[in-house]
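Protein chains in written order, with the working numbering: chain A, 184 to 1111; chain B, 842 to 1009. C-beta atoms are modelled at their ideal positions from N, C-alpha and C, and glycine is treated no differently. Just so it is clear, the structure is predicted and the values come from calculations on it, not from any experiment. Working notes for the structure below.
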């Protein structure tokens, strides 16, 4: 309040005046001296002046003007204000709040939207984050996020959660996965296999050397580890494609291998590959491409400059020459830096093909209908369209070879046959089909329509049946996309959209099919079948589809035809949901043991914490009271450590109290019938051998083992666990004798080596809720007690037990701290700043009400039910029709739980979301 | 929304006795004014004037008082002010009278008037001063209030020189 303000000023003056001793003179002097009078007046004048000049209201200056003095556009044009107010208005305008983002307003809109300027602007904007070729299309329709150095579409702006799910299950969902990174390895097959074998393990499934993959017939997928570090130090999951052999049976042939990774994992994998292959120096000879493109760009720039000089750009001549060529590929690359590394010893060349090859994913049963309708195989061409241009010269060369023409015709035939297959899941997982197709823009439909299969046409077709039985033959996997020179040629000789439209306009019958004849581009592509749901029993093959690999530059030319054939486009969120319904771990969310996963978890914690702090304190969930120790970050390390400690103490107790086994059986959860003299069965022999091997391995680097946890990926052990998790004799469940599955009984002898070898291991599990409830991120997976089973037996509608409310032991502390802080502030005001500094040193981290401060107590036994693990993805599953969750549990804890559970209740766990006290029953599955 | 309209009476308390200034405080001034209104206009007048009646500003050194009253009834208060003959505080009475300088619609106009009025007074004082010493002290105080103005303006213009460098 202004009036208060100036009053205070005057009073201050009075105070100071009193101290000076003028008060004394009032009593003694009868008459007031003129000087005192004058001083008082002067002081008052000062106070009043200050009050008058201050702006009283919090409105803007022009708003205080009377109505008849207001002018249009006063708010941003100061010169329309009366002169006396301009100063104040200028200051107001300078405030950050009123500052709008400065556009390139030096040009008018028309100039800004001119093609040349638009390209310059786009090129500038994709210097920092890589744009996909479909960026503009996505940016108009999607919420964009900046992730992993890319601008990616997160989710559509329209409401389409369920529509995208329907597209995945019934039609076709299209995703742009061009942000996935391709690393190319070139070298002798033996060398490559020898070194790569160190980075993966046969335990986790087929490796690089798997025969169908090595021949180039199938795409393989595996999890990479740091060299010789299995089972720790995960680098991340990858998919790989070997270039098929040329047919000439030379044993020491150089092979080409593509490793496709997620961008968040790329740097780790690339450095590790370089280290393993001893590829240190970047080689100029093998990467002439960047330099050439640079030269070309410069040339193009010159041309563009000379053209644009005709326009009024003379004034810009001094400016740095900007490339007006549209950036194709990675815009963030440093032109002179090489992205190719070679090894002196082995001759292996590693090159980073990020953004060189585009990759789209089509998910859903109709995806090959979309493909077959949108793409037409290239016609055989024997003469050049133009002698001068390089357009299609590679294809003409190729067509001169009759063998290659016949191969092309076989590929074409198989591609046609795809229409007769009802779902991509019927073909072998990872089938590769190479193809050369014509320009897909030519046969674009006039309207967006839905591609439908035509099963009648191919019914009882012998060829279709043969394709389903035998799969695509090896030689059909051949594609020219492997050849970089051809790819470059194809990219450079693309007919621009403008020319194509011009030609369309010149057609005699408007709207008729455009026939480019020999000038039509031929594009080499690669089709890779993407297996859907492989593990588990329900919905086999759900979410299968095709991945299409294209040379760069052709992104939009293929994108629009797919969309016009009824493919719905999804973003990152849809990808996440896809993997959730497939029950596969998503990169990088579900790899808590690899560096990218740790980084992701940290970022997620920050985001969630910020979101939590944004709520008013009274509206926040008090996680201390709810008994949730870590609502934002799963403490995997501590969980595994706690379980290890727990296991040890229990073992000790078992050993000490083995005499009175009765009491032991009731109190501890470990089966305690220890029979040390039992003979190892034959079926267990190999298992034990493996165990001892791993045990030795673990001993070698014991320190590392004790420090970190890792995720169990050994298929053998996972299969064993999965068998143990199933209820053995339940209602409506077939009794599964263990011997039938070739599994052994869960006995002490089987468990002990596992405990020893894998003290700190997490297992990927899927959970489905028995009754209602929808699990959330970071929900806790807990072990039910005996009473819970009893109650569930008694009452089938029993939802689950409740967690008793915890007391917030930190609330008092926080209040105290607050008070102290208040006092400190007061002290600071009075000048004692040193005290505060001392206090600040004393309390390093601020306590937040409702969150447990950093050193967590024993996470397993904090609540009434013992904690087993956490959920990393959870939602109501539209596919299953109930709440489903995916997460990790501790192996030790899981085995303890399974051994103590009754036979018909095997694999039952309790789930509790972080912000709730209600536990809910869920069935735990391990799908291998 | 329509605001309540007020009138502000800017008055000067004139007293022979310099000790009178000691007893100038909000309560005394308010009580004296109300008492005068009650005497001249009765209970009705008092009630009318009491609505939102406050002493907004008061300076014991210069004897300036700012009284607030509703616009409808300020005439009652105004006409009652001449009937104040003394101020009473802590059982001491000092005779004085109120001299109304200005009647304004906002505090701001009153402040502006007060600045003008005080300047005039100071100039008058300078004109009528008798000794050299007095003259100097008055000149000093005159300059202090005028110089400050100039200084402030200068400092403000200094602040405004912001760098407009843009970051892309």
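What residue from the options has the CA that sits closest to residue i's CA?
i	options	result
residue 992 (chain A)	A:1098, A:808 and A:981	A:808
residue 1057 (chain A)	A:975, A:956 and A:664	A:956
residue 409 (chain A)	A:1051, A:243 and A:448	A:448
residue 971 (chain B)	A:1106, A:934, A:218 and A:530	A:218
residue 639 (chain A)	A:603, A:308, A:247 and A:677	A:603
residue 983 (chain A)	A:237, A:966, A:989 and A:623	A:966
residue 426 (chain A)	A:340, A:617 and A:331	A:617
residue 960 (chain A)	A:1006, A:1102 and A:1053	A:1053
residue 442 (chain A)	A:382, A:545 and A:764	A:382
residue 989 (chain A)	A:310, A:328 and A:1035	A:1035
residue 260 (chain A)	A:250, A:248, A:552 and A:276	A:276
residue 585 (chain A)	A:565, A:597, A:417 and A:343	A:565
residue 938 (chain A)	A:895, A:964 and A:949	A:895
residue 644 (chain A)	A:600, A:635 and A:629	A:600
residue 680 (chain A)	A:767, A:1070, A:1011 and A:736	A:736
residue 745 (chain A)	A:661, A:799, A:658 and A:558	A:558
Do residue j and residue i count as a contact pair if the criterion is CB distance below 9 Å?
i	j	result
residue 368 (chain A)	residue 375 (chain A)	yes
residue 453 (chain A)	residue 513 (chain A)	no
residue 221 (chain A)	residue 978 (chain B)	yes
residue 397 (chain A)	residue 372 (chain A)	yes
residue 547 (chain A)	residue 278 (chain A)	no
residue 954 (chain A)	residue 1104 (chain A)	yes
residue 945 (chain A)	residue 825 (chain A)	no
residue 1129 (chain A)	residue 966 (chain B)	Outside the displayed span of chain A (184 to 1111) sits residue 1129 (chain A), for which this structure offers no information.
residue 733 (chain A)	residue 440 (chain A)	no
residue 387 (chain A)	residue 772 (chain A)	no
residue 228 (chain A)	residue 887 (chain B)	no
residue 918 (chain B)	residue 874 (chain B)	yes
residue 350 (chain A)	residue 764 (chain A)	no
In three-state terms, what does DSSP make of residue i?
i	result
residue 527 (chain A)	coil
residue 1069 (chain A)	strand
residue 394 (chain A)	helix
residue 847 (chain B)	strand
residue 228 (chain A)	helix
residue 688 (chain A)	helix
residue 929 (chain B)	strand
residue 207 (chain A)	Because residue 207 (chain A) sits at a pLDDT of 38, beneath the cut-off of 50, its placement in the model cannot be relied upon, and the following sentence gives the value as read from the coordinates. Three-state result, residue 207 (chain A): helix.
residue 463 (chain A)	strand
residue 1042 (chain A)	coil
residue 495 (chain A)	Residue confidence is low: residue 495 (chain A) scores 43 on pLDDT, short of 50, so the model does not pin down where it sits. No coordinate-derived value is stated.
residue 359 (chain A)	strand
residue 1108 (chain A)	strand
residue 853 (chain B)	strand
residue 563 (chain A)	coil
residue 972 (chain A)	helix
Between which residues of its own chain and residue i is the CB-CB distance below 6 Å, once the five residues before and five after are set aside?
i	result
residue 414 (chain A)	893
residue 444 (chain A)	364, 421 and 452
residue 306 (chain A)	510
residue 663 (chain A)	669 and 707
Given residue i, which residues of its chain have a CB within under 8 Å of its CB, disregarding the five upstream and five downstream residues?
i	result
residue 827 (chain A)	942, 943 and 1075
residue 1059 (chain A)	957, 1065, 1066 and 1067
residue 714 (chain A)	608, 612, 613, 724 and 727
Note down, in chain order, each residue of its chain lying with its Cβ closer than 7 Å to the Cβ of residue i, except the 5 sequence neighbours on either side.
i	result
residue 922 (chain A)	Note that residue 922 (chain A) scores a pLDDT of 42, beneath 50, so its modelled location is shaky; the value from the coordinates is reported in the next line. Within the same chain, residue 922 (chain A) has no close Cβ partners at all.
residue 951 (chain B)	849, 851, 907, 943 and 945
Note down, in chain order, every chain C residue with its Cβ under 7 Å from the Cβ of residue i.
i	result
residue 953 (chain B)	Looking at the structure shown, chain C is missing, and the protein chains on hand are A and B.
- Item | the segment 719-739 of chain A in contact with the segment 696-703 of chain A per 3-pair CB rule at 8 Å | no
- Message: With three or more C-beta pairs closer than 8 Å as the rule, is the segment 646-664 of chain A touching the segment 517-530 of chain A?
- Response: no
- Item | Contact between the segment 908-923 of chain B and the segment 886-895 of chain B (3+ Cβ pairs under 8 Å) | yes
- Say whether the segment 704-711 of chain A touches the segment 748-755 of chain A, bearing in mind that this needs 3 or more beta-carbon pairs closer than 8 Å, one atom from each stretch. no
- Is it true that the segment 1075-1095 of chain A meets the segment 793-808 of chain A, where meeting means three or more beta-carbon pairs spaced less than 8 Å apart? no
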